[in-house]
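Input: a single structure, listed below in structure tokens.
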Amino acid sequence: MAKLTKKQKEAVAKVDGNQTYSIKDASALVKDITNVNFDASIDLAVRLGVDPRKANQMVRGVVTLPHGTGKDVKVLALVTPDKESDAKEAGADYVGLDEYLQKIKGGWTDVDVIITMPSVMGKLGPLGRVLGPRGLMPNPKTGTVTMDIAKAVKDVKAGKIDFKVDKTGIIHAAIGKASFDADKIAENANELIQTIIKLKPTAAKGTYIKSIYMSSTMSPSVSVDSKSI
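In UniProt numbering, the protein residues as written are 1 to 229.
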């Protein structure tokens, strides 16, 4: 195991591993223990009492964070010519269709979100092997397959994110940056957690929210008291 630096040791010493913190206190603490020389991402990991292998216990959804993610999200709009101007005016970074399908086929995936139309999805099917593992395949459930291209682009740029429970039963999501005020981090975290709570599958039994941890890039994790939600 690599030795901890002086700053890392100081950060670890500030976190009581036997204590759970309110969202507000956890947000302030994570800011305090973040000591990298760049604007670190703040992440939330929510462990759920579900079995993701069962379709009726899958948890997936979208949420618009009130203060955005702090990240400049690169959006590709795969649209027909009549929708190109809408996508461009809404702020899409890349707009087009066939030329980008060819680029993706060649391995290009330098975007964060792809938004498209129902009529184009047939062309994206063969690219599933490239887009699927990277979480880039558009999906009607997350609002990335729609006829209202402008609204979809604006929503993503404003802080709309999609999340999905992984095979271990955990939802991982970036909820802001270390440069955010602690209150804004807390409000973003609360918005995500409340959305996850609303999506509780009826088939899920027992404790739904098992644990919540907040951390920043390279920082120790801080346990959030789920009872304070």
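Backbone N, C-alpha and C define an ideal beta-carbon position, used for all residues, glycine too.
Considering only A40, K88, Y21, the residue with the shortest C-alpha distance to I115 is K88. Between D39 and S179 the beta-carbon gap is near 5 angstroms, inside 8 angstroms, which marks them as a contact. Annotation: I196 to F163 spans about 9 angstroms, alpha carbon to alpha carbon.
Distances from the alpha-carbon of A45 to those of S223, P118, K184 put S223 closest. Straight-line measurement puts the Cα of A77 at about 18 angstroms from the Cα of K71. In the DSSP assignment, V130 falls outside any beta strand (DSSP E) and within the unbroken alpha helix (DSSP H) covering 128 to 131.
S119 counts as exposed, since fewer than 16 other C-beta atoms from the protein chains shown sit within 10 angstroms of its C-beta. Distance from the CA atom of T34 to the CA atom of D25, rounded to whole angstroms, is 14 angstroms.
If you keep only unbroken alpha helix (DSSP H) runs of at least 4 residues inside the segment 13 to 57, you get 23 to 33.
Residue environment analysis places Q102 among the exposed positions, since fewer than 16 neighbouring C-beta atoms fall within 10 angstroms of its C-beta. Taking all protein chains shown into account, M214 has 16 or more neighbouring C-beta atoms within 10 Å of its C-beta and is therefore buried. Distance from the Cα of T64 is smallest, within the candidate group L199, S85, K167, V156, for V156. For the options N190, S216, D86, the alpha carbon positioned closest to that of I229 is the one of N190. A Cβ-Cβ separation of about 16 angstroms leaves K227 out of contact with L48 under the 8 angstroms criterion. When the five nearest sequence neighbours on each side are left out, the beta carbons in the same chain lying within less than 7 angstroms of the beta carbon of K123 are those of L101, in order along the chain. DSSP places T142 within a helical segment (H, G or I) once states are collapsed to three. Under the 10 Å beta carbon count, Q19 is surrounded by fewer than 16 other beta carbons and is classified as exposed.
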